[in-house]
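Read top to bottom, the protein sequences are chains A and B. Per the numbering used here, the first sequence starts with residue 1, numbered consecutively. Per the numbering used here, the second sequence starts with residue 1001, numbered consecutively.
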Amino acid sequence: MSPQQNKTGKWRWPERLAGGYLLLFLLMAVVVPATGLIQHPYENTQSGPSYQPPYIFSFSTSGNSTNIYWLGTDRVGQDVLAILIFGARTALVVSLPAMLLATIMGVVLGSLAGFWGNSGIRVSVAACVLGLSGLLAAGYYAFCVRQVHWLNAFQSGTFSILQELGIAFTIFTGFGIIGWLLTTVAIKIGLKKTITLPIDHFVLRAIEITGAIPRLLLIMCLIAFAKPALVNVVVLAALTYWTSIARLVRGELLQVKELPYIEAAQVAGIANWRILLKQALPNALPPVIVAIAFGLGNLISLEATLSYLGIGIPAYEASWGKLIKGILQNPKAWWLVVFPALTLCFTILSLQIMAERLLKKLSPRQQQF
Amino acid sequence: MVQYALKRLLWLIPTLWLICSLVFFLSKAVPGTCLDWQRGEFGQSMSRGLVNNSRTIQPIKPLFYFSVRSKAEPDTLYRMQPVTHRAFLKRLALLNANWPSVAAFYQTLTLLQNSLVQLPVVTTADKQVLSYQLESVFSLSNKHVIQQALLRIENQAIARHYPKAYIQKIKVGQQQFKNITAQVTVSGVLIPVVAWHGFDNEYHLWFKNFIRGNLGISCRNQLPVNQVIAESFANTFFISVLSLGLIFFLAVELSIWLSKAAQFHSRQIVLAVLYSLDSVPLFIIALTLITLLASTSYLNLFPVFGLGPAAIPDEPTYVTWLYQLPYLALPIISLTLASLPHVTGQIYQAIQQLQQRDFVLTAKAKGLSERVVLRRHVWRNALLPVITLFTGFLPALITGAVIIEIIFAIPGMGNLLHQTVQTRDFPVLTGIVLYLGLIKVVAHIIADILYFLADPRIRIQP
């Protein structure tokens, strides 16, 4: 890491602190629960005394207990430290896959819209008709025929939804291949009329429709229909977060597209998708990476807010937001707010600081400070 | 300009239609309606038969103008009541694809249920148990579990010496169920059938009312949705407008103060504080304020929950508002604290960029005081980004108000939404989505108009 550091200047102390904290966060969220040293707070049958103040701050010589609650206990006597660690895992399990899904959706749609625009993609009428009917048929077989399985999956939550999604994906791919074969045959026969697909238009409308309702509201609405499960929250969050990434990628690609080297590549006869993947996208990525870092912070905050409100996050998952809620029942138990709030704020702040750092590193000319 | 605003408004209509239709269909697709949820809340004590009977009063309509279904399902399955039976039959039909056997099996089961009344040797308690067992078959999905349940019913009937004919019937049912799973013809499921239902369908009715502005009736308290929303909207509006005013007043003053040269040393500290405040989620700010300023454990300065007196007789309305102000203080302070860093940062940056411009240097060179330069010259020109912020900010404020209202128990849109989500009151949910979407788009249009008024040089590109 050190040779790169010298290029972009030294790490200032807030940046070191943020990086160190994020490493600690990852360690806590991934490694500690896996080692089994600490039991999951809601599976721990032998709970301690309720509202035990943190060990560090308790000067009384109670000393009878074998367990030391470094950060105190909550209402039912669960260790706050254990909830913090498993809450970190929950935060990670929600935010990371959701951001990954949102990024994939956003980059694909954004690059379609930005790189090809309204006139870049010409499709033969045969492909259009066949594709549309194939899409309808695939939709029928993936959702209408399998609706019983889908309902079961949504009832049981977690991984059966992913399994159903996998089956649906297979069906769609199968129909895609059949459609492609039929299209090549149709073009060979002589159906060569083509039309342009206004992709940019479609994507912009989709962004506008998703953006017409405030994000938290949309997520709360959608969660009303689904069972409380982390996978549902992940999918729904991804469905509302892709727009910002798509808009960024589109904007960047619109600028990159006009640069001379892209035109040169086009003149050289390199396939468009190859130019997009090899030349254009890498140059559009820096703002996207920064947006991902900010988005992760947003999602962690969203997860905490949802679990605080008691919406969408299942009751058996440990979460920082749920821990914080405990203060409402006992305002004197300050440790229920201070520790989770600090970890939450530090995580978001560290992500923001690292995002700024990345921004500076990736585009040194655009320094704002 | 007018043309652009009109275009925006025209585009708004299909967007909102699409989203509200989506909510409508989702609410229909979810198993269990509002009524079921209410019954669930008021206890399971209500007998099952009563639940079944009350649903058949209303005529059942198809959901949409047309439907696509598998050939394995019969075309009138949507009329089947109650919903659990429909789902059960659909499951059997789609998994096994031989409708005649499924229908025969269903007929036997219902016959068993109905003839239960005429059994002479059975006590009422036994009848209830048996009826419950028969009914519970409809909620099963695994074929082995169903077979076991049928066997259990048969054993019970034999043990209690039910009439021979009745036990025979149960055996017939078992055989019929075996028939269903014996001849599975999967190819039958794969053939799609399209059926046209005409205009007398649920969506058509809902949409007709929707266009007329009638959003239906809340199933939680049987009031019209518009009335429910109007009652809550006033409070949300009050909070949003007050905090919006406070945020922008403070942000402008703060950024002008920060831009003064004399603040060189305190600037870094204030900016750092704002930066870290930006990462604190709103609900933590609100909760900290509640705990510190409104609980008996620490400083008890403000009332915690609710809105105070609704309306005081013999006093003008503004007096009521004055009484409500202490209740609103903490919510407004939390919203302001949560949004201030972002807005201040943006305005401060706009001012910083303007300070390098020629006209500012000219003004300074003329010998104008820093105060005049900042207030008259710079501020005017920083107005444009402020306008964009102002309206882009409104949705964020609404979202914030949702959390704040839930935490402080203020009867506004946010609290309404929370209750709606918890009780699955879908008509109200559609209404909230519609009105908040409207607010957001109208805010954008207002931004464009303000933009136009603030700077006539701008040509808006639609």
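No residue lacks a Cβ here, since even glycine has one placed at the ideal position from N, Cα and C.
Proximity to residue i [Cα-Cα], best of the options
i	options	result
residue 249 of chain A	A:200, A:224, A:184	A:200
residue 1218 of chain B	B:1329, B:1243, B:1332, B:1420	B:1420
residue 1221 of chain B	B:1171, B:1443, B:1425	B:1425
residue 1233 of chain B	B:1417, B:1367, B:1272	B:1417
residue 352 of chain A	A:295, A:150, A:268	A:295
residue 354 of chain A	A:297, A:303, A:333	A:297
residue 92 of chain A	A:312, A:314, A:299, A:35	A:299
residue 1191 of chain B	A:165, A:145, A:161, A:239	A:145
residue 1061 of chain B	B:1375, B:1079, B:1069, B:1322	B:1079
residue 1196 of chain B	B:1248, B:1388, B:1069, B:1024	B:1069
residue 100 of chain A	A:263, A:235, A:260, A:267	A:235
residue 1273 of chain B	B:1344, B:1205, B:1204, B:1368	B:1344
residue 280 of chain A	A:10, A:108, A:79	A:108
residue 113 of chain A	A:218, A:220, A:205, A:316	A:205
residue 116 of chain A	A:362, A:196, A:15	A:196
residue 49 of chain A	A:217, A:40, A:80	A:80
residue 1328 of chain B	B:1022, B:1199, B:1243, B:1142	B:1243
residue 1071 of chain B	B:1002, B:1086, B:1296, B:1097	B:1097
residue 1439 of chain B	B:1271, B:1165, B:1240, B:1181	B:1240
Proximal residues to residue i (C-beta, below 6 Å), its chain only, five neighbours per side dropped
i	result
residue 1405 of chain B	1412, 1414, 1415
residue 212 of chain A	none
residue 110 of chain A	246, 249, 250
residue 349 of chain A	none
residue 1277 of chain B	1341
residue 387 of chain A	There is simply no residue 387 of chain A to check, as chain A begins at 1 and stops at 369 in what is shown.
residue 1179 of chain B	1101
Cutoff 8 Å; reference residue i; Cβ partners in own chain excluding five residues on either side
i	result
residue 330 of chain A	51, 75, 336
residue 1292 of chain B	1298, 1299
residue 1150 of chain B	1137, 1170, 1173, 1174, 1177
residue 1282 of chain B	1334, 1335, 1338, 1400, 1403, 1404
residue 1226 of chain B	1213, 1214, 1215, 1431
residue 1045 of chain B	For residue 1045 of chain B, the predicted model reports a pLDDT of 38, less than 50, meaning its position is unreliable and no value from the coordinates is stated.
residue 1367 of chain B	none
DSSP beta-bridge partners of residue i
i	result
residue 1237 of chain B	Answer is none; residue 1237 of chain B lacks a bridge partner.
residue 1192 of chain B	B:1070
residue 1294 of chain B	B:1300
residue 79 of chain A	A:73
residue 1224 of chain B	B:1217
residue 1416 of chain B	The partner list for residue 1416 of chain B (beta bridge, DSSP) is empty, contrary to what the question assumes.
residue 124 of chain A	A:194
Exposed unless 16 or more other CB atoms sit within 10 angstroms - verdict on residue i
i	result
residue 1423 of chain B	buried
residue 257 of chain A	buried
residue 1301 of chain B	exposed
residue 1144 of chain B	exposed
residue 1007 of chain B	exposed
residue 141 of chain A	buried
residue 1054 of chain B	No answer about residue 1054 of chain B holds up, because its pLDDT of 45 lies below 50 and its placement is not dependable.
residue 321 of chain A	buried
residue 159 of chain A	exposed
residue 136 of chain A	exposed
residue 1019 of chain B	buried
residue 1090 of chain B	buried
residue 1010 of chain B	exposed
C-beta contact flag for residue i and residue j at 7 Å
i	j	result
residue 1407 of chain B	residue 1286 of chain B	yes
residue 1012 of chain B	residue 1433 of chain B	no
residue 1216 of chain B	residue 1427 of chain B	yes
residue 1431 of chain B	residue 1016 of chain B	no
residue 1094 of chain B	residue 1189 of chain B	yes
residue 1279 of chain B	residue 345 of chain A	yes
residue 1099 of chain B	residue 1074 of chain B	yes
residue 191 of chain A	residue 290 of chain A	no
residue 1393 of chain B	residue 1201 of chain B	no
residue 38 of chain A	residue 82 of chain A	yes
residue 340 of chain A	residue 323 of chain A	yes
residue 1133 of chain B	residue 1153 of chain B	yes
Contacting residues, own chain, Cβ-Cβ under 7 Å from residue i (five flanking each side not counted)
i	result
residue 127 of chain A	183
residue 282 of chain A	none
residue 1194 of chain B	1066, 1068
Cβ-heavy atom distance, residue i to the ligand ADP, below 6 Å
i	result
residue 32 of chain A	Absent from the structure shown: the ligand ADP. Ligands present: none.
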